[in-house]
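*Asks:* Take the sequence shown: its position 43, counted from the start at 1, is 43 in UniProt numbering, and no numbers get skipped. Handing you this structure, nothing more for now.
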Amino acid sequence: MQQPNSQTFVEVTSDELPIHCPTPDSSLWNSHPRVFIPLHESPEARCSYCGTVYRLVKEKTAVANQPVETETQNQP
(Lines of atoms letter the chains of each structure in order from A; the text may use other names.)
(Lines give C-alpha, C1' and ligand atoms only; values in the text may rest on other atoms or scores of the structure.)
Protein backbone atom coordinates (compact mmCIF):
# COMPACT_ATOMS: atom_id res chain seq x y z
CA MET A 1 0.00 0.00 0.00
CA GLN A 2 1.26 3.48 -0.86
CA GLN A 3 1.96 6.12 1.73
CA PRO A 4 -0.12 9.32 1.44
CA ASN A 5 1.52 11.97 -0.70
CA SER A 6 0.59 14.91 1.51
CA GLN A 7 3.45 17.09 0.31
CA THR A 8 2.37 17.71 -3.30
CA PHE A 9 -0.41 19.47 -5.13
CA VAL A 10 -1.51 19.85 -8.71
CA GLU A 11 -3.14 23.02 -10.02
CA VAL A 12 -6.04 22.38 -12.39
CA THR A 13 -7.97 24.85 -14.56
CA SER A 14 -11.62 24.41 -15.50
CA ASP A 15 -10.51 23.54 -19.05
CA GLU A 16 -8.83 20.39 -17.67
CA LEU A 17 -11.93 19.05 -15.92
CA PRO A 18 -12.77 16.31 -15.32
CA ILE A 19 -9.38 15.45 -13.82
CA HIS A 20 -8.22 12.06 -12.64
CA CYS A 21 -5.37 10.70 -10.59
CA PRO A 22 -2.86 9.54 -11.53
CA THR A 23 -2.45 12.11 -14.29
CA PRO A 24 -1.02 11.09 -17.67
CA ASP A 25 2.34 12.65 -16.75
CA SER A 26 2.67 10.59 -13.55
CA SER A 27 5.35 7.94 -13.30
CA LEU A 28 4.10 4.46 -14.02
CA TRP A 29 6.01 2.87 -11.12
CA ASN A 30 3.95 4.69 -8.49
CA SER A 31 0.61 4.34 -10.22
CA HIS A 32 -2.69 3.31 -8.66
CA PRO A 33 -6.18 2.73 -10.09
CA ARG A 34 -7.58 5.78 -11.88
CA VAL A 35 -9.94 7.85 -9.75
CA PHE A 36 -11.69 11.05 -10.74
CA ILE A 37 -11.14 14.01 -8.42
CA PRO A 38 -14.40 15.80 -7.42
CA LEU A 39 -13.34 19.42 -8.00
CA HIS A 40 -16.94 20.29 -8.94
CA GLU A 41 -17.81 19.93 -5.23
CA SER A 42 -14.93 21.94 -3.77
CA PRO A 43 -11.98 23.94 -5.16
CA GLU A 44 -9.58 21.52 -3.47
CA ALA A 45 -9.68 17.73 -3.19
CA ARG A 46 -7.27 14.95 -2.26
CA CYS A 47 -6.71 11.65 -4.06
CA SER A 48 -7.91 8.85 -1.80
CA TYR A 49 -5.08 6.58 -2.97
CA CYS A 50 -1.91 8.69 -2.96
CA GLY A 51 -2.96 11.84 -1.11
CA THR A 52 -2.03 14.27 -3.89
CA VAL A 53 -3.99 17.50 -3.49
CA TYR A 54 -5.72 18.90 -6.58
CA ARG A 55 -6.60 22.62 -6.59
CA LEU A 56 -8.96 24.32 -9.00
CA VAL A 57 -7.48 27.65 -10.10
CA LYS A 58 -8.43 30.33 -12.64
CA GLU A 59 -5.00 30.08 -14.24
CA LYS A 60 -1.91 28.13 -13.37
CA THR A 61 0.70 29.97 -11.32
CA ALA A 62 2.84 27.08 -10.15
CA VAL A 63 4.29 23.91 -11.57
CA ALA A 64 2.57 20.65 -10.64
CA ASN A 65 3.86 18.72 -7.65
CA GLN A 66 4.85 21.74 -5.60
CA PRO A 67 5.17 21.43 -1.80
CA VAL A 68 1.95 21.90 0.11
CA GLU A 69 2.14 24.56 2.79
CA THR A 70 1.22 23.28 6.22
CA GLU A 71 0.26 25.23 9.29
CA THR A 72 3.66 24.59 10.87
CA GLN A 73 5.41 26.09 7.83
CA ASN A 74 3.36 29.29 8.18
CA GLN A 75 4.18 29.85 11.85
CA PRO A 76 6.98 32.33 12.76
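No residue lacks a Cβ here, since even glycine has one placed at the ideal position from N, Cα and C. Keep in mind it's a predicted model, so treat the numbers as computed, not measured.
Within 10 angstroms of the Cβ of T52, are there 16 or more other Cβ atoms? Answer buried if so, exposed if not.
*Replies:* As a first step, residue 52 is located in the sequence shown; it is residue number 52 there, counting from the start. With a threshold of 16 other beta carbon atoms within 10 Å, T52 meets it and is buried.
*Asks:* How many whole angstroms separate the CB atoms of V10 and T23, which I take to be in contact at a CB cut-off of 8 Å?
*Replies:* Here residue 10 corresponds to residue number 10 of the sequence shown, with the count starting at 1. Here residue 23 corresponds to residue number 23 of the sequence shown, with the count starting at 1. Between T23 and V10 the Cβ distance is about 7 Å, and since that is below 8 Å, they are a contact.
*Asks:* Does DSSP put residue 77 in a helix, in a strand, or in coil?
*Replies:* Summary: the structure shown does not reach residue 77, with the chain confined to residues 1 through 76, and so no result is reported for it.
*Asks:* Identify whether E44 lies in helix, strand or coil by the three-state DSSP scheme.
*Replies:* Working through the sequence shown from its first residue, we reach residue 44 at position 44. Strand at E44.
*Asks:* Which term fits V57, buried or exposed, when burial requires 16 or more other beta carbons within 10 angstroms of its beta carbon?
*Replies:* By 1-based counting over the sequence shown, the position of residue 57 is 57. It counts as exposed.
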